[in-house]
Amino acid sequence: MQSIQRSQKSIQKSSKKLSKLMEDEAALLRKLEILRKEKRQESKRKHNQELSHIGYIIQQLGFPINNLSILVGAILSAKEQLETNRSQTVDDYLQRYQTFLEDNTISETLREDFMYALNTDVEDIDDHEEEVDDDDPSNI
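Numbering (this note's numbering), first residue to last: 9 to 148.
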């Protein structure tokens, strides 16, 4: 009889522990979902900030950002050049970018803006170029 009572108490203890563990798991899953949501929001915020930053840089260059047809036309022209001769076009763009950064007429703040917004993109182009077939337009 005592053996049965001990077993029942042991089962009750185990059941309470299991319930506590399940509550803890549920709390952790809620926290995980909150963290995932925050990560998505931060990712969206960062993306929007980068787009805004690029828009600011384009505006500082004096490019007519309020004229969408010119902006899209320039981008399509650049894309066409990349599709036609990727290696030469990338080299050309990198040289223009470097020349622009070396130009003493731009402010130090604008220079930092360019380094922040575009430097990673330039490195990605360099790394990506080695892995891409230049003659395949689908790699653009």
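Each residue gets a CB set at the ideal place from its N, CA and C atoms; glycine is no exception. Being a predicted model, the structure only gives us computed values, none of them experimental.
Query: Report back the beta-carbon spacing between I73 and G63 to the nearest angstrom; my notes put them in contact at under 8 Å.; Result: 6 Å
Query: Could you tell me the alpha carbon to alpha carbon distance between H136 and H55, rounded to whole angstroms?; Result: In this predicted model, H136 has a pLDDT of only 38, less than 50, meaning its place in the structure is not dependable; the value taken from the coordinates is given anyway. Approximately 21 Å between the Cα atoms of the pair.
Query: Can you tell which of F108, D32, S15, E46 has the C-alpha that lies nearest to the C-alpha of L69?; Result: F108
Query: Quick one: is R38 buried, meaning 16 or more other Cβ sit within 10 Å of its Cβ, or exposed?; Result: exposed
Query: Would you identify the three-state DSSP class for G63, choosing helix, strand or coil?; Result: helix
Query: Here's the rule: buried if 16 or more other CB atoms are within 10 angstroms of the residue's CB, otherwise exposed. What is V98?; Result: buried
Query: Could you check whether A86 and Y105 sit closer than 9 Å to each other, using their CB atoms as the reference points?; Result: no
Query: Buried or exposed: where does R53 fall if 16 or more other Cβ atoms within 10 Å of its Cβ makes it buried?; Result: exposed
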